[in-house]
Ligand code: DGY
């Protein structure tokens, strides 16, 4: 087991043992685990751990683990965790494309994630990127810092007006729908979205908002589910990507699809980098200076494809979609709740919002276990 200086042990006498591959924000998550009688081994090094290091941390006695989207949790790790007596792994993220859930299920290990606490936070980052690119905030900031501002000019940094234009959303789940509502309600944009499933709640919400506008003597807003990704790309002035990353969505934005977008379009990605063929995006932005992109995520994080950072029509932030204190502490509470809940034999929560887990007297359930049905974990009925 661990002798390494880069791991810190809390509650060393705990009956169960949980490893956590990164220090997490807040204190409540740790309390949740220690109250579940867990010794908690937390890796303190800022480097991304290798698979070998995680296997060595798991050792021969480990009941559960909390890991990060920067780690590949596949057969090797789940086999090690299963052999050490592990029963649960939680990703410290809502997305779990870094986790081989089938492998976990084969080893009878529950997989948790952290939905609900990052919906608005990530959608707000997509909005921030949208306006940063539309109004050229970063280019203008650099300009003024260089001392280039010599007075108001009629043509200085002209950008795009978004009000009453059309926003396109690909993937209208929790975060995509929250972004859509922000853009429609905030800027009276029409919405065109593509998703395999119709989002009736979103459509009804926008229809009601349209009725409200009409009642105030204004034009309504429109909302429509497109037949295809292509339709969204051709029609929308802004396109924000929110689908899950899997083999069907990998490089869904490629050279051909970029060409089909409007010349002045804005592309935003706060989901997962490999949704976009980043080399094709570099080419497209280089050859189409009026096209703009706002990126929170990258194809080969933390690396950028050559040429990307030289482009003034691209604004980038380093995967910060969920980066607010409230959200990151909430994610830690949910991840700890997943691990502690399964180890305590609690049922799985299937009642929608996970926000009750942030309250003082949280439900006695594991907040979000994605393979609960496959593993026969009962559903919370309280
Ligand atoms: C997630 O949770 O999937 C984000 O990408 C990280 O916050």
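Residue numbers (this note's numbering): 2 to 383. Yeah, the Cβ is synthetic: ideal placement off N, Cα and C, and Gly gets one too. Predicted model only: the values in this text are computed from it and were never measured.
Evaluate contact between the stretch 314–328 and the stretch 283–298, counting only Cβ atoms and requiring at least three cross-stretch pairs below 8 Å. Taking 8 Å as the limit for Cβ pairs, the verdict is that the stretch 283–298 does touch the stretch 314–328.
Please list, following the chain, all residues that have a C-beta closer than 5 Å to any non-hydrogen atom of the ligand DGY. Going by the Cβ distance cut-off, the answer is 94, 95, 96, 323.
Check: Got a sec? Which residues, its chain only, sit under 8 Å from residue 388 by beta carbon, not counting five neighbours each side?
Finding: Nothing can be reported for residue 388, as the shown portion of the chain is limited to 2 through 383.
Review point. Okay, do the stretch 173–193 and the stretch 219–227 touch, 3+ Cβ pairs below 8 Å being the bar?
Key: Yes, the stretch 173–193 touches the stretch 219–227.
_Pop quiz: residue 376 and residue 111 are said to be a contact at Cβ under 8 Å. What is the actual Cβ separation, rounded to whole angstroms?_
Right, the Cβ-Cβ distance comes to about 6 Å (below 8 Å), so this counts as a contact.
Residue interval of the beta strand (DSSP E) (run including residue 91): Looking at the DSSP string, the run of the beta strand (DSSP E) that includes residue 91 is 89–92.
Other residues of its chain near residue 27: CB distance less than 6 Å, five sequence neighbours each side excluded: Correct list, in chain order: 330, 333.
Given that a residue counts as buried once 16 or more other Cβ atoms are within 10 Å of its Cβ, and exposed if not, what is residue 388? Residue 388 lies beyond the residue range present for the chain, which begins at 2 and ends at 383; the question has no answer from this structure.
Rounded to whole angstroms, how far is the Cβ of residue 161 from the Cβ of residue 285, which I believe are closer than 8 Å? Beta-carbon to beta-carbon, residue 161 and residue 285 are separated by about 17 Å, too far to satisfy the 8 Å threshold.
From what residue to what residue does the beta strand (DSSP E) around residue 276 run? Counting along the chain, residue 276 falls outside any beta strand (DSSP E), and DSSP gives it neither H nor E.
Just to confirm, are residue 193 and residue 230 a CB contact at a threshold of 7 Å?
-> No. Outside cutoff.
(Q) Let's see if you can read the secondary structure: which residues bound the beta strand (DSSP E) around residue 268? (A) 267–270 is the extent of the beta strand (DSSP E) around residue 268.
What distance in whole Å lies between the Cβ atoms of residue 339 and residue 389, which are believed to be in contact at a cut-off of 8 Å? Since the first residue of the chain shown is 2 and the last is 383, residue 389 is not available in this structure.
Open item on the list: Does the structure place the stretch 271–286 close enough to the stretch 233–250 that three or more beta carbon pairs sit under 8 Å?
Closed with: By the Cβ rule, the stretch 233–250 counts as touching the stretch 271–286, because three or more pairs are nearer than 8 Å.
- [ ] Answer yes if the stretch 351–364 comes into contact with the stretch 130–141, meaning at least three C-beta pairs across the two stretches below 8 Å, and no otherwise.
- [x] No contact exists between the stretch 130–141 and the stretch 351–364.
* Asked: Looking only at DSSP bridge pairs, what is residue 195 linked to?
  -> Residue 195 pairs with 171.
Assigned secondary structure, residue 239 (DSSP; H/G/I helix, E/B strand, else coil): The three-state reading of DSSP puts residue 239 in strand, counting E and B together.
Q. Under the three-state reduction of DSSP, which class applies to residue 48: helix, strand or coil?
A. Coil.
Open item on the list: My output table needs one value for residue 301: the three-state DSSP class, helix, strand or coil.
Closed with: Taken through DSSP and simplified to helix, strand or coil, residue 301 comes out as strand.
Subject >> Inter-residue spacing [alpha-carbon to alpha-carbon] between residue 250 and residue 50 >> reply: Between the alpha carbons of residue 250 and residue 50 lies a distance of about 28 Å.
Where residue 183 sits in the DSSP three-state scheme: Of the three classes helix, strand and coil, the one that applies to residue 183 here is helix, per DSSP.
**Request:** Using a threshold of 7 Å, state whether the C-beta atoms of residue 87 and residue 64 are closer than that.
**Result:** The criterion of a C-beta distance shorter than 7 Å is satisfied by residue 87 and residue 64.
Looking only at its own chain, which residues have a Cβ that is under 7 Å from the Cβ of residue 46, when we skip the five neighbours before and after it? Once the five neighbours on either side are set aside, the close Cβ partners of residue 46 are 7.
Identity of the residues DSSP links to residue 42 by a beta bridge: Under the DSSP definition of a beta bridge, residue 42 partners with 10, 20.
(request) Give the DSSP-derived three-state secondary structure of residue 153 in the structure shown. (result) Of the three classes helix, strand and coil, the one that applies to residue 153 here is coil, per DSSP.
- request: Using 10 angstroms around the beta-carbon of residue 220, count the other beta-carbons present and answer buried if the total reaches 16, otherwise exposed.
  value: In this structure residue 220 is exposed. Its beta-carbon is surrounded by fewer than 16 other beta-carbon atoms within 10 angstroms.
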